[in-house]
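Using the working numbering, read the sequence shown as starting at 1 and increasing by one per residue.
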Amino acid sequence: MTTRRGLLRAAAAVPLAFTPLSSADAMRAAAHALAALEGAAAGAPYAPKFFRPTEWTNLRILVDLIIPRDQRSGSATDAGVPEFMDWTCSEYPSYAWTREALRWLGAFAYEKYDKSFAKCTDAQRRRLLDQIA
Numbered sequence: 001m002t003t004r005r006g007l008l009r010a011a012a013a014v015p016l017a018f019t020p021l022s023s024a025d026a027m028r029a030a031a032h033a034l035a036a037l038e039g040a041a042a043g044a045p046y047a048p049k050f051f052r053p054t055e056w057t058n059l060r061i062l063v064d065l066i067i068p069r070d071q072r073s074g075s076a077t078d079a080g081v082p083e084f085m086d087w088t089c090s091e092y093p094s095y096a097w098t099r100e101a102l103r104w105l106g107a108f109a110y111e112k113y114d115k116s117f118a119k120c121t122d123a124q125r126r127r128l129l130d131q132i133a
């Protein structure tokens with residue numbers, strides 16, 4: 001049985017396989033993610049560079065549905081996944097398709113439930129993801 005976590009791992013690996021990061025880029029990405037997590041721990045909200053406010057909200061909801069907090073580990077947002085995705089999209093124009101994917105998800109939510117992805121209930125969001133998977 002395929003899990004959402006497994007699907008995300010596979011989906012994340014495809015673009016990364018075609019966009020090799022130099023060691024300098026990898027260091028900048030790690031430093032960016034660390035700074036974002038430290039800022040969050042200090043209570044400073046992260047200001048996205050690439051994602052618009054609605055996209056940012058939807059992205060955070062989406063990644064936590066895919067990688068939720070469990071007994072062993074934190075959620076995707078706990079790990080700084082949205083911040084890393086924001087950095088990647090702002091640094092590499094080839095990742096701009098992420099914005100269109102979020103727009104498509106929003107349209108799919110409106111088609112199914114006549115409301116935005118963020119305003120869907122947790123159960124509705126899970127049904128949407130199950131249909132996509």
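Here a beta-carbon is modelled for each residue, glycine too, at the ideal position from N, C-alpha and C.
Because the structure is a prediction, the values reported are computed rather than measured.
Assignment of Ala-47 by DSSP, reduced to helix, strand and coil, places it in the coil class. Between the region 85-97 and the region 113-126, the count of C-beta pairs closer than 8 angstroms stays below three; the two stretches do not touch. By the criterion of at least three beta-carbon pairs nearer than 8 angstroms, the region 99-117 is in contact with the region 56-65. In this structure, the straight-line span from the alpha carbon of Ala-24 to that of Arg-127 is close to 40 angstroms.
For Gln-124, the enclosing alpha helix (DSSP H) stretches over residues 122-132.
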